[in-house]
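**Q**
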Amino acid sequence: MIEIVVGLFLIFIVMASIIAIETKDLLSAVVAFGAVGAFCSIIYLLVGAPDIAITQLVVEVLSLVILIRATIRRDLTTIDEDRDFFGLVATLAILFIFFLFGIEALRWLPEFGTPAFVLNSSAPTNRYLLNGLRETGAANIVSAVLLDYRGYDTLGEATVLFTSILGALAILRIYARKRRK
Amino acid sequence: MIYYLCFLVFLIGVYGAICKKNIVKIILGLMLMEYAVNLFIVLVGYRKGGIAPIINKSMSLSEFVSKSVDPLPQAFVLTSIVIGLGILSLMVAVAIRLYERYGTFDITEMKKLRG
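Protein chains in written order, with the numbering used here: chain A, 1 to 181; chain B, 1001 to 1115.
1. What are the start and end residues of the alpha helix (DSSP H) that includes B:L1085?
2. Can you tell me which of the three DSSP states B:I1055 falls into?
3. How would you write the range of the alpha helix (DSSP H) that A:A144 sits in, first residue to last?
4. Could you tell me whether the segment 122-135 of chain A touches the segment 1066-1074 of chain B, where touching means 3 or more Cβ pairs closer than 8 angstroms?
5. Express the C-alpha separation of B:E1100 and B:Y1035 in angstroms, rounding to a whole number.
6. Mind reading off the beta-carbon distance from B:L1043 to A:V47? Whole number of angstroms is fine, and I expect it under 8 angstroms.
7. Less than 9 angstroms between CB atoms is the rule here; does B:M1001 satisfy it with respect to chain A?
8. Taking Cβ-Cβ distances shorter than 8 angstroms, what residues in chain A pair up with B:M1031?
9. Which of the residues in the segment 119-131 of chain A, read from start to end, lie with their CB under 9 angstroms from any CB of chain B?
10. Between A:L17 and chain B, is any beta-carbon pair separated by less than 9 angstroms?
11. Which residues of the segment 1068-1090 of chain B have a Cβ closer than 9 angstroms to any Cβ of chain A? Give them in chain order.
12. Taking A:F99 as the query, report the chain B residues whose CB atoms sit under 8 angstroms from its CB, ordered along the chain.
13. Judging by CA-CA distance, which residue of A:T159, A:L109 and A:N140 is the nearest neighbour of B:I1051?
14. What does DSSP give as the partner residue(s) for B:D1106 in the beta ladder?
15. Say whether chain B places a C-beta atom closer than 9 angstroms to the C-beta of A:I43.
16. With DSSP run on the structure shown, which of helix, strand or coil describes A:S122?
17. Using DSSP's beta-bridge definition, name the partner residues of B:R1047.
18. With DSSP as the reference, label A:D28 as helix, strand or coil.
19. Beta carbon of B:A1095, beta carbon of A:A70: below 9 angstroms?
20. According to a CB-to-CB cut-off of less than 9 angstroms, which residues of the segment 1026-1053 of chain B neighbour chain A?
21. With DSSP as the reference, label B:K1068 as helix, strand or coil.
22. Apart from the five residues on each side of it in sequence, which residues of its chain come closer than 8 angstroms, Cβ to Cβ, to A:L27?
23. Could you tell me the distance, in whole angstroms, from the CA atom of B:K1107 to the CA atom of A:E22?
24. Compare the C-beta of A:T71 with all C-beta atoms of chain B and state if any pair is closer than 9 angstroms.
25. Can you grab the Cα-Cα spacing for the pair B:R1097 / A:L172, in whole Å?
26. Comparing C-alpha positions only, which one of A:L129, A:L155, A:A138 and A:F112 sits nearest to A:G7?
27. Below 6 angstroms CB to CB, which residues in the same chain sit around B:C1006 once its five sequence neighbours on both sides are set aside?
28. Which one of B:V1082, B:Q1074 and B:V1092 has the shortest CA to CA distance from A:V145?
29. If you count every other CB in all the chains shown that lies within 10 Å of the CB of B:M994, and 16 or more means buried, which is it?
30. Pairs of beta-carbons, one from the segment 1074-1084 of chain B and one from the segment 41-58 of chain A, closer than 8 angstroms: are there three or more?
31. In chain order, what residues of the same chain have a beta carbon less than 7 angstroms from the beta carbon of A:I2, not counting five sequence neighbours either side?
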C-alpha cells in the first residue's frame, strides 16, 4: 500500500522536476522546484521520518525565497534553450550509459522495505536502537544519533553552514565596495 | 520500482545541470540531484510497516527495535539537507554577481574570463 502511495508521489516529483527544468519562465521553474521539495517532505512523513519532513519544509521555504530573490525583476528571464546538436546527443548518450550502470547497481540492493540493518546484525543501527534511550536519554533516536553518537558531524555541519553564509556575504559585498569608490 | 523513480529524478537533475544554458536552471538541476539522493537514502532505510524511531512508553524496547525504521540515514540526511541550503545560497550569490556583471543569466554570453 505505502509503496503505491510513495510511487505516486515520486511520479509527481518526476513531473514537477521535468517542468522545473524545461519551462521557459524562470519564476514558474522556481515554483515547480518548490513543489518538488514539498512532495519530498510528504514522502518523508509517510516513511517514518518526521524530523526530516519538518527540516525539508523549512529549508524548502528558505531556498524558495533565496531563488525568487535571484530571479525576480530580471528583465531577460527567457533564453532560447538550444545548444548545439552534437553536444546534446553526446550528453544524452552519456546519460543513457549512466542510466544502464545505475540500473545494474540498483538490482543489487535489498527489496524496498527491508533495510540493511535487519539483514546484517552487526550494523551500528542495532546498537543505537537498543541502547539509545539508556545511553543518551533521548527518546528520539534520530536526535540521539545526531547530537550524541555523531555529534562531531553536526559540529562540521554547523561549520559548513557558517562558512557558506560567510562566502555568500563576501561574494555579494564586493560590488558595494567597488561602487563606493 | 521506487528506487528507479528516484534515479530518474537524479538523471533529470544531471540533464538540467549539463544541457541548460540558463544559470538558474543549472542551479535547479544540481538541487534536484541532491533531493533525489536524499530521498533515496531515506527510502533505503524504510522498513515495511515501520514506525518513526521515537520511543514511547506504551511499547517495550524489543518491540520497538523490531518495528522502527533505520534512524542512521535519517540523521545523515538531516545534515545533508541543511548543507544543501548553504550550497544553494552560495550558488545564488554567485549567480546574482554574474548577472550584475554581464546583465544576463545565459552562460554562453559570459566570455570575459578576466575578473
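Even glycine gets a Cβ: it sits at the ideal position worked out from N, Cα and C. Remember, predicted model here, so these are calculated numbers, not experimental data.
**A** Well, looking at it:
1. Working through the second sequence from its first residue, we reach residue 1085 of chain B at position 85. Run containing B:L1085: P1071 to Y1102, per the alpha helix (DSSP H) assignment.
2. The residue given as residue 1055 of chain B occupies position 55 in the second sequence. Looking at B:I1055 - three-state DSSP - the assignment turns out to be coil, as it is neither helix nor strand.
3. Here residue 144 of chain A corresponds to residue number 144 of the first sequence, with the count starting at 1. It spans I141 to A144 - the alpha helix (DSSP H) in which A:A144 sits, taken as one unbroken run.
4. yes
5. Locating residue 1035 of chain B in the second sequence gives position 35, counting from the first residue. Locating residue 1100 of chain B in the second sequence gives position 100, counting from the first residue. Taking the straight line joining both Cα atoms gives about 29 angstroms.
6. Locating residue 1043 of chain B in the second sequence gives position 43, counting from the first residue. Locating residue 47 of chain A in the first sequence gives position 47, counting from the first residue. Their Cβ separation, rounded to whole angstroms, is 6 angstroms, which keeps B:L1043 and A:V47 in contact under 8 angstroms.
7. Indexing the second sequence from 1 puts residue 1001 of chain B at position 1. Answer yes: the Cβ-Cβ gap between B:M1001 and chain A drops below 9 angstroms somewhere.
8. Your numbering for residue 1031 of chain B matches position 31 in the second sequence. Result: F33 and S63.
9. A123, P124, T125, N126, Y128, L129 and L130
10. Here residue 17 of chain A refers to the residue found at position 17 of the first sequence. For clarity, residue 17 of chain A is Ser in the given sequence; the question names Leu instead. Answer yes: the Cβ-Cβ gap between A:S17 and chain B drops below 9 angstroms somewhere.
11. S1068, V1069, D1070, P1071, L1072, P1073, Q1074, A1075, F1076, V1077, L1078, T1079, S1080, I1081, V1082, I1083, G1084, L1085, G1086, I1087, L1088, S1089 and L1090
12. In the first sequence, the residue the question calls residue 99 of chain A occupies position 99. Going along chain B in sequence order, the residues near A:F99 (Cβ under 8 angstroms) are F1007 and L1011.
13. Here residue 1051 of chain B corresponds to residue number 51 of the second sequence, with the count starting at 1. Answer by Cα proximity: A:N140.
14. The residue you call residue 1106 of chain B lines up with position 106 of the second sequence. Beta-bridge pairing links B:D1106 to B:N1022.
15. The residue labelled residue 43 of chain A in the question sits at position 43 within the first sequence. By this cut-off, A:I43 is an interface position.
16. As a working note, residue 122 of chain A is residue 122 in the first sequence. Here A:S122 sits in coil by DSSP.
17. For the purposes of this step, residue 1047 of chain B is taken as residue 47 along the second sequence, with counting starting at 1. Bridge partners of B:R1047: A:G113.
18. Here residue 28 of chain A refers to the residue found at position 28 of the first sequence. Looking at the sequence provided, one finds Ser at residue 28 of chain A rather than Asp. Of the three classes helix, strand and coil, the one that applies to A:S28 here is helix, per DSSP.
19. Within the second sequence, residue 1095 of chain B is the residue found at index 95, counting from 1. Within the first sequence, residue 70 of chain A is the residue found at index 70, counting from 1. Yes; because the gap between Cβ atoms is below 9 angstroms, this pair is in contact.
20. I1027, L1028, G1029, M1031, L1032, Y1035, A1036, N1038, L1039, V1042, L1043, V1044, G1045, Y1046, R1047, K1048, G1049, G1050, I1051, A1052 and P1053
21. Here the question's residue 1068 of chain B lines up with position 68 in the second sequence. For the sequence presented, residue 1068 of chain B should be read as Ser rather than Lys. Reduced to three states, the DSSP call for B:S1068 is strand.
22. Here the question's residue 27 of chain A lines up with position 27 in the first sequence. Answer for A:L27: I68, T71, I72 and T77, listed in chain order.
23. Against the second sequence, residue 1107 of chain B aligns to sequence position 107. Against the first sequence, residue 22 of chain A aligns to sequence position 22. Checking the displayed sequence, the identity of residue 1107 of chain B turns out to be Ile instead of Lys. Going by the C-alpha atoms only, they are around 17 angstroms apart.
24. Taking the first sequence and counting its residues from 1, the one referred to as residue 71 of chain A is at position 71. Yes, contact with chain B.
25. For the purposes of this step, residue 1097 of chain B is identified with residue 97 of the second sequence, where counting begins at 1. For the purposes of this step, residue 172 of chain A is identified with residue 172 of the first sequence, where counting begins at 1. The alpha-carbon atoms of B:R1097 and A:L172 are separated by roughly 7 angstroms.
26. Position 7 of the first sequence, counted from the start, is the residue given in the question as residue 7 of chain A. Measuring from the Cα of A:G7, the nearest candidate turns out to be A:F112.
27. Position 6 of the second sequence holds residue 1006 of chain B. The answer, listed in chain order, is A1036, L1039 and F1040.
28. Numbered from 1 along the first sequence, position 145 holds the residue referred to as residue 145 of chain A. The shortest Cα separation from A:V145 among B:V1082, B:Q1074 and B:V1092 belongs to B:Q1074.
29. Summary: the structure shown does not reach residue 994 of chain B, with chain B confined to residues 1001 through 1115, and so no result is reported for it.
30. yes
31. Here residue 2 of chain A refers to the residue found at position 2 when the first sequence is read from its first residue. These residues qualify, in order along the chain: L46.
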